Every structure is written in C-alpha cells, then in structure tokens.
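Enquirer: This is the structure, below, for whatever I ask next.
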Amino acid sequence: MNYKMIARVLGMVLLCLACFMLLPAAVGLAYGENVSAFVLSALISAALGFGLTRLRPGRSTIYAREGYLAVGLAWILVSVLGMLPYLISGDIPRVEDALFESVSGFTTTGATVLKDIEHMSRSGMFWRLFTQWIGGMGVLVFMMAVMPMGGEHSMHIIRAEFPGPTVGKLVPRAGQTAKILYLIYVSMTALETGLLMLGGLSFYDALLHAFATAGTGGFSTLNASLGGFHSIYVETVAAIFVLLFSVNFHLYYGILAGRWTLALKNEELRWFAGIVSLAVLTIGLDLWGYYGSLATALRHAFFNTAMCISTSSFNTVDYTLWPEYSKWLLLLLMLVGGCAGSTCGGLKMSRFMVLMKAAYGELRHMSRPRKVYGVMIEGRQVKPETIRAICLYFILYMFIIMLTTLIVSTDGFDATTNFSSALACLSNIGPGLGINGPTGNYGMFSAHIKLLLSLVMLMGRLELYPILVLFLPSTWKR
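For the sequence shown, position 125 matches number 125 in the working numbering, and the numbering has no gaps at all.
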C-alpha cells in the first residue's frame, strides 16, 4: 500500500478545497458580509493540504485498492472541512447538522436539516449550492484536471469516484479525460445560467440554481424551492437540464467529436428516455382527476419525474399528497436513477438494464433448459462476471437500505419516513415520501441518525465500495 502517495493525493484535494472556499469569500465581500469563516476554513484546509503534499512517495503509481482508499478518505475529509464555514459563521451552529448539510451538498443529495434557508448569509448560501456543483463531477476529477498526476494508473481514481459501473478514458491520458469532462460540465452550467436569467432570475440566483442542477442536487436559495419563483419557464428549464445532466457525459464527447450515431444507438439512453416518457404519461393520467386538467397534470408529472429519476430535490408541489400510484412510481424512479457516467445517484440505468435482461433470460432458460440465453447490450454479450458483479451490487445496495431503515426506525417515526429516508440518502435524492418529503426536512432526526445518514449519502455517491473498503481490516494490511 502506497500510503505516502495516498497522503499526497489527499493533500492536493485539500489545496483544491481551500481554493474553492475563496469563491464564497469573494461573494461575501461583494455583499458586504464578514467572510472570516471562509478565510479561516480555507487556511485550515490549505495548511493541512500543504503538509500532506510535502510527503514524497517512492512511487507515484496508484492501483485499484489505493484508488478506492484515496477517494473514500478524500470525500470524508472534504465533507468534514466543508462544514467549517457553516459552524464558524453560525449559519448552522450544531456539528451534526453542519456535517449533514456538508455531506448532502458534496454528495449532491439535496437532503437538508434547515427549516429557514433564506436566513443564511449570501456567502453561506453560495457555498451550500456550490458544493453540489463540486460534488457532481467529483473533487478528485477536478484535481486531476488542474493538477495532473504522475503514474499510469491514475485512472483508478476516476473509476472510483465517477458514478456508474464502468468508466473508460475519452483520450489516452486520464488527466486529459478529466479536463474534457469538466469542459463539458462548465459549458452546460454556463448555458443553463444564461437561460435562467432570461426567465427573470438574477445572476446570483441563476448561477446558484445552475450549480444545483448540474450536480443533480436540487438545493435552492428559497424555502419554497423552484416553486418560489412561480414560473413555468424556470421549472421547464430546470427539468430539461437535470435530464441532460442525467445522460452519460461520454455521449456528449462523442457528439462534439462528430459521432452523432453514438448517442442515437446508445441503448442505455433509449431505456432512459423510454422510462421517463412512460412515467410522465402514466403519472399525468393518474393526476388528471387530482388537478382537474390534463395539461396541469402532465406539467407536474414531467417536472417531478425529471427530478426523481435524476435524483434532484427541486420541488414545486408536495407530491406526498398525490395518489398512491404516482408517489410509489416516483420512489421507484429514485431507486433506478439516471445513466452511468452522469452526475446522478441511484442504481444507474445501465445496471437496471442488465438486471432486467438477466432476469428475463433466466425465465426463458427455465422454459427451455437446454438453451443458454446471454445478456446482450448494444449487440455485445455482457460477460458473466459483469452480470455477477451487478447482481451482487444490487443485493448489497438493498441490504444497506434495509439495515439503514431498521436503525432509523429507532427514532420512532413511521415506516414510510424510515424507508424513504434510507432510500433517498443512498440514492442521493434527498426528499422522501414521509415527514422528510419535499416540504419537510431531516432536522427531526436525532444526532446519531443524522451521522448514519451522512455516511449512507457518502456510500451512495461513491457507489458503496470506496467507503465500505475503509472498514475492511485487509485494506490496511501490506
């Protein structure tokens, strides 16, 4: 285990974090606020980062185990240091609340413990939504884009941090891949900012909501979320962009490179579009009688379907009051999530496809035992070891949801709140179906449950393994 190289990676991450903290400090100065909390937090992060980067490893290569370890520790450190501005400024005075909000931001979950968001300072609000933009693509991917690392195996870091069952290089060098990903990410964020400003939002509100949309997080500057703007245009722009950010970024690179057929032939994208269309249609029909107008029903169905499948927490209405079919279909969309290689949470559409095809193949095999049915994706057969890995991931995913539900239930809330809290935090969606719905929050939970849910959010964002390996004794052995 190359501990010195891991420490060096962590040091570079903390230096990046210190630079990130200077942006809300500049915003605070522009609004005449006291920014000492951000300056002090940036100094602490920079000092720790500088100290760790002074370590000189014997080799610069990073292998799979070291990649998982570096990513898991980096996200824990970033979340802990990211809560310092909330604590020092007094925006969120309790440690467990500040940590929960910090983890929720960086993991792009969108769960909150705050009842009155609008009383936060401008700089604190900027930091809260900016963390979702940072976490969407990943702080280590950003670090590799601006500070390329040596070593031929640095791609292990991108694979451990970037959402999805598989991540490949866009170009031969991992650092160049990171730059391309961030260039696409920044360009789409800037485009949405401009479109939201055309809808009447100020530059501050447009930029911050573009941050939250890009990370498919869903934090807002208003207590009423996007519903506070009372604008169908703003709702529509946000819904379209969360869906765009739910698509595999490798497809965007292919389109930019002139390979349009790459997107058209992508089976995962077709499944994603089909499920979204089916959900919007059926939920719209289910809500027709509820709203008395098919147009209004389809509008709310489209917006909330987009938010749930992209694991974003923006809201305009309280969907916990909807008919049962619509509520539970939204919950299933939260579980599935968007495409691999996007900024979404959830299982990912690619895993869902393989699970469905593998189950269908097994049913066909039972009717004709002598015939072998393989799982085909885009004309290629999925390897048996890949199917096995996805099945094990799904089992582990559901086991964590069940175990978390059991522990959360010790706080004494109803079963819907307990289960949806566990699922929403692991899938990085935020709001659930109970007291923690779109008009509620997580402030009612006890301190130890908030810490547990913070850990679960980190597991969901990092696809379980980078956090779980930290608890294995064999990880720390030579």
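In this text, a Cβ means the ideal position worked out from N, Cα and C, and glycines have one as well.
Computed from a predicted structure; not experimentally measured.
Could you tell me whether the stretch 450-469 touches the stretch 71-78, where touching means 3 or more Cβ pairs closer than 8 Å?
Expert: The answer is yes - the stretch 71-78 touches the stretch 450-469, with three or more Cβ pairs under 8 Å.
Enquirer: In whole angstroms, what is the alpha-carbon distance linking Val80 and Ser102?
Expert: Straight-line Cα distance between these residues: approximately 7 Å.
Enquirer: Mapping the DSSP letters down to three states, classify Gly457 as helix, strand or coil.
Expert: Note that residue 457 is Met in the sequence shown here, rather than Gly. Reduced to three states, the DSSP call for Met457 is helix.
Enquirer: If you run the structure through DSSP and keep just helix, strand and coil, what is Arg380?
Expert: strand
Enquirer: Does Lys450 come out as helix, strand or coil in the three-state DSSP assignment?
Expert: helix
Enquirer: If you run the structure through DSSP and keep just helix, strand and coil, what is Ile429?
Expert: coil
Enquirer: Determine, using beta-carbon pairs with one atom in the stretch 332-346 and one in the stretch 242-256, whether at least three such pairs fall under 8 Å.
Expert: yes
Enquirer: Pairs of beta-carbons, one from the stretch 281-301 and one from the stretch 199-209, closer than 8 Å: are there three or more?
Expert: The stretch 281-301 is not in contact with the stretch 199-209.
Enquirer: With 16 as the cutoff for other CB atoms within 10 Å, does Ser8 come out buried or exposed?
Expert: The residue you asked about is not Ser; residue 8 is Arg in the sequence shown. Classification of Arg8: buried, given that the 10 Å Cβ count is 16 or more.
Enquirer: Can you tell me whether Met444 is helix, strand or coil according to DSSP?
Expert: coil
Enquirer: Going by other Cβ atoms of all chains shown within 10 Å of its Cβ, with 16 needed for buried, is Asp318 buried or exposed?
Expert: Answer is exposed; the Cβ neighbour count stays below 16.
Enquirer: Assign His230 to one of three DSSP states: helix, strand, or coil.
Expert: coil
Enquirer: Could you tell me if Lys179 is buried or exposed, where buried requires 16 or more neighbouring beta carbons within 10 angstroms of its beta carbon?
Expert: With 16 or more Cβ atoms within 10 Å of its Cβ, Lys179 is classed as buried.
Enquirer: Which residues in the same chain have their Cβ closer than 8 Å to the Cβ of Pro323, if we skip the five residues on either side of it in sequence?
Expert: Asp286, Leu287 and Tyr290
Enquirer: Specify, as a first and last residue, the run of the alpha helix (DSSP H) that Asn304 falls within.
Expert: Leu294 to Ile309
Enquirer: Using only the alpha-carbon positions, how far apart do Phe352 and Ser36 sit?
Expert: Rounded to whole angstroms, Phe352 to Ser36 spans 47 Å at the Cα level.
Enquirer: Could you tell me the distance, in whole angstroms, from the CA atom of Met147 to the CA atom of Tyr3?
Expert: Here Met147 scores only 49 on pLDDT, less than 50, and its place in the model is too uncertain to base an answer on.
Enquirer: Straight-line CA distance for Ala190 to Thr216?
Expert: Approximately 15 Å, taken between the alpha carbons.
Enquirer: In whole angstroms, what is the alpha-carbon distance linking Val336 and Arg54?
Expert: Taking the Cα positions, Val336 is about 43 Å away from Arg54.
Enquirer: Going by beta carbon distance, what residues of the same chain come within less than 7 Å of Val78, once the five residues before and after it are set aside?
Expert: Within the same chain, Val78 has close Cβ partners Val13, Leu17, Phe106 and Val139.
Enquirer: For my contact list, Val354 and Ile387 are in at a C-beta cut-off of 8 Å; report their separation, rounded to the angstrom.
Expert: 6 Å
Enquirer: Please work out which residues of its chain come closer than 8 Å, Cβ to Cβ, to Val95, disregarding the five sequence neighbours upstream and downstream, and give them in chain order.
Expert: Met83 and Leu87
Enquirer: In whole angstroms, give me the CA-to-CA distance for Thr193 and Phe20.
Expert: 19 Å
Enquirer: Helix, strand or coil: which one does DSSP assign to Trp288?
Expert: helix
Enquirer: Return the Cβ separation of Ser246 and Gly199 in integer angstroms, given the expectation that the two are a contact with Cβ distance under 8 Å.
Expert: Contact doesn't hold; Cβ gap of about 21 Å is too wide.
Enquirer: Among Val280, Thr305 and Cys391, which one has its Cα closest to the Cα of Leu294?
Expert: Val280
Enquirer: Taking buried to mean at least 16 other C-beta atoms within 10 Å of its own C-beta, is Gly258 buried or exposed?
Expert: exposed
Enquirer: Tell me whether Gly67 sits in a helix, a strand or coil according to DSSP, three-state version.
Expert: In this structure, Gly67 counts as helix in the three-state DSSP scheme.
Enquirer: Could you give the distance in angstroms between the alpha-carbon of Phe241 and the alpha-carbon of Leu222?
Expert: 19 Å
Enquirer: In whole angstroms, what is the alpha-carbon distance linking Ser225 and Gly124?
Expert: The straight-line gap from Cα to Cα measures roughly 17 Å.
Enquirer: Quick one: residues in its chain with C-beta nearer than 8 Å to the C-beta of Leu472, no 5 flanking neighbours on either side, listed in chain order?
Expert: none
Enquirer: Distance check for Thr296 and Trp328, CA to CA, integer angstroms please.
Expert: Cα to Cα, Trp328 sits roughly 20 Å from Thr296.
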